[in-house]
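The structure appears right after this line, and notes come after that.
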Amino acid sequence: MNNQPLLSVNEVSKFYGARIGCRDVSFDLYPGEVLAVVGESGSGKTTLLNCISTRLEPTSGSVMYRMRDETKRDLYQMSEAERRFLMRTDWGFVHQNPADGLRMAVSAGANVGERLMAVGDRHYGNIRETAIDWLGRVEINEDRVDDQPRAFSGGMRQRLQIARNLVTGPRLMFMDEPTGGLDVSVQARLLDLIRGLVRDLGLAAIVVTHDLAVARLLSHRMIVMKDGHVIESGLTDRVLDDPHEPYTQLLVSSILQV
Amino acid sequence: MTAAITVCEISKTFTMHLRDGIQIPVVTGVNFVVKAGECAVLGGPSGAGKSSILKMLYGNYSTDQGQILLTHYGEQVDLSKAEPRKIIELRRDTIGYVSQFLRTVPRVSALDVAAEPLTQRGEDHEIARKKAADLFSQLNLPERLWDLPPATFSGGEQQRVNIARGFITDHPVLLLDEPTASLDAKNRAVVVDLITQKKAAGVALLGIFHDEDVRTKVADRIIDVTSFAGAKAA
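The following block contains the structure:
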């Protein structure tokens, strides 16, 4: 079963008028696999992520997803309600800015519990218990469960966002610059946490990042984008250790050594 | 003895696009076989392409031409043309690698770094840590360091973490990139012992050793990399 892709992206293109968002992108993602999408700002990474995660309808191409019952469905042939259900249960989406993925005016516990209620859980005690368990797994103390995320630091908010996404046991996570804008020490903690969770839960993930060190640490495979096109792809350490395309060589040679 | 690694006519050239696309030939026409239970050593001066050959065998360098055949679950696999997923699977179960430098992950303890290749294969976490601890003791890594992330360790301490990580599994193929470069004589002797044990267990080893003493003790055969020099083609 793990030899079947979870997600198949086929020649996905998105045009904004005459401008290219992304063009003819195809790849398969397998269960447990982490794919990094790298490239500089404006290269089409986020457009691609949004097209795959049904947040933005592509101009052409298809995205096939293997459902829990093993049927393969074209995401853009599904009804809006089915897509929403998938996003709330089987998928997670971690935004760069936690405020985009959290409800800032309700408690941390409710942020996590809300996703559980979306899948039909109604028992308050169970929901609270599960929420506290998940806060613990992302290293947020139980005594913060009733606080609102606006009282949290940036790193804590990001960890809360991750807990909110993982509580329903998704099979696929989308992450848009999950460590962007955090200090390095907070980043390291978050990366270690994501790495552990992805591995322990056997999640598949697509991580958009401009940070090659993040890609190296988290991903098995990567694709490099430039001007909306995929210019190089392959095993992460091969792309980074032996880049072939001029642009990838430029990216790799631009990493600052500490 | 069966061939565990068969390298057939591989060649590699780097194209440096940031330097006006100059071509740097590394090696051409590389041919050799490493058998199970044997330790072959890549010989030749710095820059001859020894590390590049090891990296092609581990898949972090691409191979321009030729084949790298390995036996993976009883089947012949050409690693030079394998898909990324296949290479990850080969690394998990068939090819081990001790790199020269440790790539550390923040916040992960030395024990967990060394245990990871086993836990990735589904081994119980505590058993894997126990095995890592045994290797650390053999390699005389001070016990107070075991639960610390190796980022702040000395070169020799990091190298011992790396060695433990590489030797912890029973992979049938093990690649060694100067595993003894920053070790003292006592720990070099431990590594020689570990290699001897691997040979006895039927593992095929291919390594780079600049230390002549270690090389003499472990090498069954020297493969002269200068005979594959890429430059002579240019």
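One line per chain: the protein sequences are D and S, in this order. The letter at position 150 of the first sequence is residue 162 when you use the working numbering, and the numbering goes up by one with no holes. The letter at position 199 of the second sequence is residue 1144 when you use the working numbering, and the numbering goes up by one with no holes. A virtual CB, placed ideally from N, CA and C, is assigned to each residue, including glycine.
With a CB to CB cut of under 8 Å and the five nearest residues on each side skipped, what residues in its chain are close to residue i?
| i | result |
| --- | --- |
| A1059(S) | A1077, L1080, F1081, V1106, A1109, R1110, I1113 |
| N1132(S) | L1084, N1085, G1101, R1105, T1125 |
| D249(D) | R228 |
| K1000(S) | Y1006 |
| Q261(D) | P255 |
| I243(D) | V236, M237, E257, Y259, T260 |
| L205(D) | V150, E151, R171, I174 |
| G166(D) | P110, G193, L194, V198 |
Go ahead and pull the three-state DSSP assignment for residue i.
| i | result |
| --- | --- |
| A227(D) | helix |
| I950(S) | strand |
| D1122(S) | strand |
| E1020(S) | strand |
| N1085(S) | coil |
| A981(S) | coil |
| A130(D) | helix |
| P275(D) | With chain D represented from 13 up to 270, any question about residue 275(D) goes unanswered, as that position is not in the structure. |
| D188(D) | strand |
| V21(D) | strand |
| N109(D) | coil |
| A1164(S) | coil |
| I235(D) | strand |
| E1068(S) | coil |
| H135(D) | coil |
| P70(D) | coil |
| G1100(S) | helix |
| G1011(S) | strand |
| G193(D) | coil |
| Y28(D) | strand |
| S266(D) | coil |
| N292(D) | Outside the displayed range of chain D (13 to 270) lies residue 292(D), so it cannot be described from this structure. |
Output the distance between the C-alpha atoms of residue i and residue j, rounded to the nearest integer angstrom.
| i | j | result |
| --- | --- | --- |
| L178(D) | Y28(D) | 33 Å |
| F1173(S) | I969(S) | 14 Å |
| G994(S) | T958(S) | 11 Å |
| R1036(S) | R156(D) | 42 Å |
| D1138(S) | V1163(S) | 9 Å |
| V979(S) | D1165(S) | 10 Å |
| S72(D) | V150(D) | 38 Å |
| D358(D) | L1024(S) | With chain D running from 13 to 270 in the structure shown, residue 358(D) is simply not present. |
| L1015(S) | K1143(S) | 18 Å |
| R80(D) | G181(D) | 12 Å |
| A981(S) | R183(D) | 40 Å |
| R140(D) | L147(D) | 10 Å |
| A122(D) | R100(D) | 15 Å |
| E82(D) | D40(D) | 16 Å |
| A1179(S) | I998(S) | Confidence at A1179(S) is low in this model, with a pLDDT of 42, below 50, so its placement is unreliable and the value that follows should be read with caution. Taking the straight line from one Cα to the other gives about 19 Å. |
| S231(D) | V46(D) | 5 Å |
| C984(S) | R1160(S) | 10 Å |
| K1057(S) | Y88(D) | For the record, residue 1057(S) in the displayed sequence is Asp; it is not Lys. Taking the straight line joining both Cα atoms gives about 43 Å. |
Tell me whether residue i is buried or exposed, calling it buried when 16 or more other Cβ atoms sit within 10 Å of its Cβ.
| i | result |
| --- | --- |
| H1116(S) | buried |
| R189(D) | Per the sequence shown, residue 189(D) should be read as Glu rather than Arg. Buried, because 16 or more other Cβ atoms sit within 10 Å of the Cβ of E189(D). |
| P255(D) | buried |
| A163(D) | exposed |
| A1149(S) | buried |
| F1046(S) | exposed |
| G54(D) | exposed |
| M129(D) | exposed |
| Y1188(S) | Chain S is shown only over 946 to 1179; residue 1188(S) falls outside these bounds and no answer can be derived. |
| L18(D) | buried |
| V106(D) | buried |
Quick one: residues in its chain with C-beta nearer than 6 Å to the C-beta of residue i, no 5 flanking neighbours on either side, listed in chain order?
| i | result |
| --- | --- |
| M185(D) | G104, L215, A217 |
| L68(D) | N62 |
| R1048(S) | none |
| G56(D) | G33, C34, M237, G240 |
| Q1103(S) | L1047, P1095 |
Give me, in chain order, the residues of the same chain whose beta-carbon lies closer than 7 Å to that of residue i; leave out the 5 immediate sequence neighbours on both sides.
| i | result |
| --- | --- |
| G966(S) | T960 |
| I974(S) | First, the residue type needs correcting, since residue 974(S) is Gly and not Ile in the sequence shown. Once the five neighbours on either side are set aside, the close Cβ partners of G974(S) are E954, S956, F1173. |
| D159(D) | S119, A120 |
| P70(D) | V24, S25, K26, C63 |
| L252(D) | L224, R228, V264 |
Just to confirm, does residue i get its C-beta within under 6 Å of one of the non-hydrogen atoms of the ligand ZN?
| i | result |
| --- | --- |
| P1094(S) | Of the ligands one can find in the structure shown there are none, so the ligand ZN has no counterpart to examine. |
Inset, instruction - Name, going along the chain, the residues of the region 1087–1107 of chain S whose beta-carbon falls closer than 9 Å to a beta-carbon of chain D. - result: none
Inset, instruction - Could you list the residues in the region 989–1021 of chain S with a C-beta less than 8 Å from some C-beta on chain D, going in chain order? - result: K1000, G1004, N1005, Y1006, S1007
Inset, instruction - Closer than 7 Å, Cβ to Cβ, to anything on chain D: give me those residues from the region 947–968 of chain S, in chain order. - result: H962, L963
Inset, instruction - Pull out every residue of the region 1053–1082 of chain S whose Cβ sits closer than 7 Å to any Cβ of chain D, in chain order. - result: Taking 7 Å as the Cβ-Cβ cut-off against chain D, the residues of the region 1053–1082 of chain S that qualify are V1053.
Inset, instruction - Check each residue of the region 253–268 of chain D: if its Cβ is closer than 8 Å to any Cβ of chain S, include it; give the result in chain order. - result: D253, D254, H256, E257, P258, Q261, L262, S265
Inset, instruction - Return the residues of the region 148–163 of chain D that lie within a Cβ-Cβ distance of less than 9 Å from chain S, sorted by chain order. - result: none
Legend entry - Residues of the region 1024–1057 of chain S with Cβ closer than 7 Å to any Cβ of chain D, in chain order: P1029, R1030, I1032, I1033, V1050, P1051, R1052, V1053
Legend entry - Interface residues of the region 211–239 of chain D facing chain S [CB-CB below 7 Å]: Taking 7 Å as the Cβ-Cβ cut-off against chain S, the residues of the region 211–239 of chain D that qualify are L229, H232, R233.
Inset, instruction - Name, going along the chain, the residues of the region 28–51 of chain D whose beta-carbon falls closer than 8 Å to a beta-carbon of chain S. - result: Y42, E45
Legend entry - Near-chain S residues of the region 188–201 of chain D (beta-carbon distance less than 7 Å), N- to C-terminal order: A200, R201
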